[in-house]
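Colleague: In my numbering, the protein residues as written are 513 to 1269.
1. Give the single residue among 801, 1032, 595 whose Cα lies nearest to the Cα of residue 633.
2. Can you tell me which residues form a DSSP beta bridge with residue 685?
3. From residue 1130 to residue 1120, what distance separates their C-alpha atoms?
4. Would you report the Cα separation of residue 637 and residue 820, rounded to the nearest angstrom?
5. Suppose you measure from the CA of residue 1079 to the CA of residue 1064; what does that come to, to the nearest Å?
6. For residue 938, count neighbouring C-beta atoms within 10 Å of its own C-beta (all shown protein chains included) and say buried if the count is 16 or more, exposed if not.
7. Contact check, residue 754 vs residue 737 under 8 Å by CB: the rounded distance?
8. Count the other C-beta atoms from every protein chain shown that fall within 10 angstroms of the C-beta of residue 547, then say buried if there are 16 or more, exposed otherwise.
9. Could you check the C-alpha separation between residue 680 and residue 1223 for me, to the nearest Å?
10. So, does the segment 859-869 touch the segment 834-845, judging by three or more C-beta pairs under 8 Å?
11. Distance, Cα to Cα, residue 1186 vs residue 1196?
12. Using DSSP's beta-bridge definition, name the partner residues of residue 1238.
13. Given 8 Å as the limit, is there contact between the segment 1018-1026 and the segment 1053-1063, that is, 3 or more CB pairs closer than that?
14. Using only alpha-carbon positions, find the residue among 686, 605, 585, 628 that is nearest to residue 658.
15. For residue 555 and residue 826, what's the separation of their Cα atoms in angstroms?
16. Between the alpha carbons of residue 1216 and residue 1204, how many angstroms are there, rounded?
17. Output needed for residue 1104: all residues of its chain with C-beta closer than 6 Å, excluding positions within five of it in sequence on either side, in chain order.
18. Determine whether the beta carbon atoms of residue 1164 and residue 1194 lie at a separation below 7 Å.
19. Who are the near neighbours of residue 822 in its chain, counting only those whose CB is closer than 6 Å to its CB and skipping five residues on each side?
20. According to DSSP, which residues form a beta bridge with residue 620?
21. According to DSSP, is residue 854 part of a helix, a strand, or is it coil?
22. To the nearest angstrom, how far is it from the Cα of residue 1031 to the Cα of residue 1060?
23. Shortest alpha-carbon distance to residue 762 belongs to which of 1138, 816, 1237?
24. Quick check: what's the CA-CA separation for residue 742 versus residue 896?
25. If the criterion is Cβ atoms closer than 7 Å, does the pair residue 531 and residue 1264 meet it?
26. Which residue or residues does DSSP assign as beta-bridge partners of residue 1255?
27. Quick one: what does DSSP say residue 627 is sitting in, helix, strand or coil?
28. How about residue 1188 and residue 1144: are their beta carbons less than 7 Å apart?
29. Looking only at its chain, what residues have a beta carbon closer than 8 Å to the beta carbon of residue 1180, apart from the 5 residues adjacent to it on each side?
30. Hey, would you say residue 841 sits closer than 7 Å to residue 570, going by beta carbons?
31. Since residue 650 and residue 690 should fall inside the 8 Å C-beta cutoff, what is the C-beta to C-beta distance between them, to a whole number of angstroms?
32. Under three-state DSSP, which class holds residue 677?
33. Can you grab the Cα-Cα spacing for the pair residue 1274 / residue 748, in whole Å?
34. Cβ atoms of residue 655 and residue 682: under 7 Å apart, would you say?
35. What is the DSSP secondary structure of residue 532, counted as helix, strand or coil?
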């Protein structure tokens, strides 16, 4: 069973990297399966299990990919479609500033006109006066979009998240009609109950920050957790604690075990043994908590694991722990083949495997507290290689933080929350006290994380000597959790030395790289020389609080191990170019800032500097006053021995004309950042001829309202045999000016996945 499940998982893992389903693979696998069947008497048992697992896993992976692609909405030409369906989750309300109030919800589609095979879409509805609730049925006229997200190293993959939540498209409501209420499906009853619990929490907790935490731990609703707290959970390695998953379902199942044991002690039975009571109560409580959490994918996965591990005493079969884990793994993958895309899937099964390996048949007599502490410590050590592979980095304080936080959450916070919810309908006075206690414990929890969140200098990265770091961490973890090699255990510490060895800089004098980040309808460019970093624009920050600086720029810097910015240039004052500067300066306060307003050092024609033999020249604006908006953009020319680039921001034809006629030789460049996102007001033919670039890089948002880049403008570049790249299609675009030549790489092409268009 172990061999079969391992090979089955290995084959399913191809979903991590394949770009699309392959019918040829399906045909090949079916032929292979027939061959294994015909040769079954000649093959040894392990080989049969190995081949069967690989073949069946490949069949399931490719079949699942075919079905998923069939349902994905990919049409970008339609303005609106009509969909009929039901709200199937708690709507989330957000103040979007000048855009008004946005309500966002999951919508299960029953039919659509024109007809598309849509199953579920994520809907945004602005300034709707009707109170939206889970279970309501609507006819909606919506503007649909294919699932899409920014594509940059280190940043959150929104398209992947949409894909994993089962969304086939996103949509914005134009008009809607509420239908008469039908008899509710079971899932809608669950969501109504979750909505009532959310109201109960809101009524009894005054601290909005604590309310967000409690709602996350109770009903899986993280909408009230703000960006700063989300960042804090990420920085401290505790994000898994606020996302209801295997840890929480496991804790509740353990609580069910104790309740079952207590129930048996009070009502003993000769016909049913104690272990059956414990197993039934464990499954029952895990099922209830799963429903409270919205029957999400991680909770369903955890519920399957609990059921499989609890089933042995019920069916009176003595199944080994390893075989039980194998059965759980296969069932989870059969139920949800795309589980391999989830970090939680790998963490859950790895953690359970570590516990089985360490404690099965080896557990000496010790206190429960010591056993719990050892289990947590060994899990955290064992997960180090996985964290380095998935996240590219790890905070060395994470094991210590989790050792403090996990008992607080599992032994105090979650039981107190559950008690508060159960006792409040019975006694409002006791409920008030219980919620006060919940609030107090929550504040302690958040306070502890506040202490640790700024210890970012203890974050180590696998991008530093990555291969050696991961191999060293893997051997280190095996040595530390293995009792059979006890005397060599601490030798594993030496294997972590590559983490602390600073890698050689791959950029030499005269060389530089330019990263045009995918920030939607805006601009942000990172220029790196041997030991200097320039940030040209920051992308937008919206009234909702969402910032491209926090979502894209800073994660890219962290991923690339950029620990300083020497100079920030804000090309002009438009939000889509300068909105995130405050967020950047919070993280990089020593950066020198240039702009075209009086709040910073002025960016004006004639300015220049030299970094590592790379010459930076400011070509425009010629005058600071008056401010001309787009035409006051700070234009930068960067020149090295190996190539040049022209950064143009939002200049339009009047400035292009002036640059062409006054500085014709100065603007010639190998790479041109397309002015004003490809607008018709820019990219004049005379200007393009003067620059004479080999490559044109455009930054624009997916299906943006301005229709950037304009088809006529793009055609001008193509007719001049200039290679045209656009971030909405290609994601982040990296240009390298090295001694061996100029190269361009698209991150979306490099990391294209099955959920990408």
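A virtual CB, placed ideally from N, CA and C, is assigned to each residue, including glycine. A quick note: this is a predicted structure, and the numbers were derived from the prediction, not measured.
Modeller: Looking at the coordinates:
1. 595
2. 654
3. 6 Å
4. Each residue's alpha carbon lies about 41 Å from the other.
5. 18 Å
6. Label assigned to residue 938: exposed.
7. 7 Å
8. exposed
9. 28 Å
10. yes
11. 11 Å
12. 1210
13. no
14. 585
15. 35 Å
16. 28 Å
17. Hits under 6 Å: 1079.
18. yes
19. 791, 794, 795
20. 598, 632
21. coil
22. 6 Å
23. Distance check between residue 762 and each of 1138, 816, 1237 places 816 closest, using alpha-carbon atoms only.
24. 21 Å
25. Against a cut-off of 7 Å, the Cβ pair of residue 1264 and residue 531 comes out as a contact.
26. 1248
27. coil
28. no
29. In chain order, 1156, 1202, 1203, 1204 place their CB closer than 8 Å to the CB of residue 1180, counting only its own chain and leaving out the 5 sequence neighbours on each side.
30. no
31. 6 Å
32. coil
33. Only positions 513 to 1269 of the chain appear in the structure, and residue 1274 is not among them; the question remains open.
34. no
35. coil
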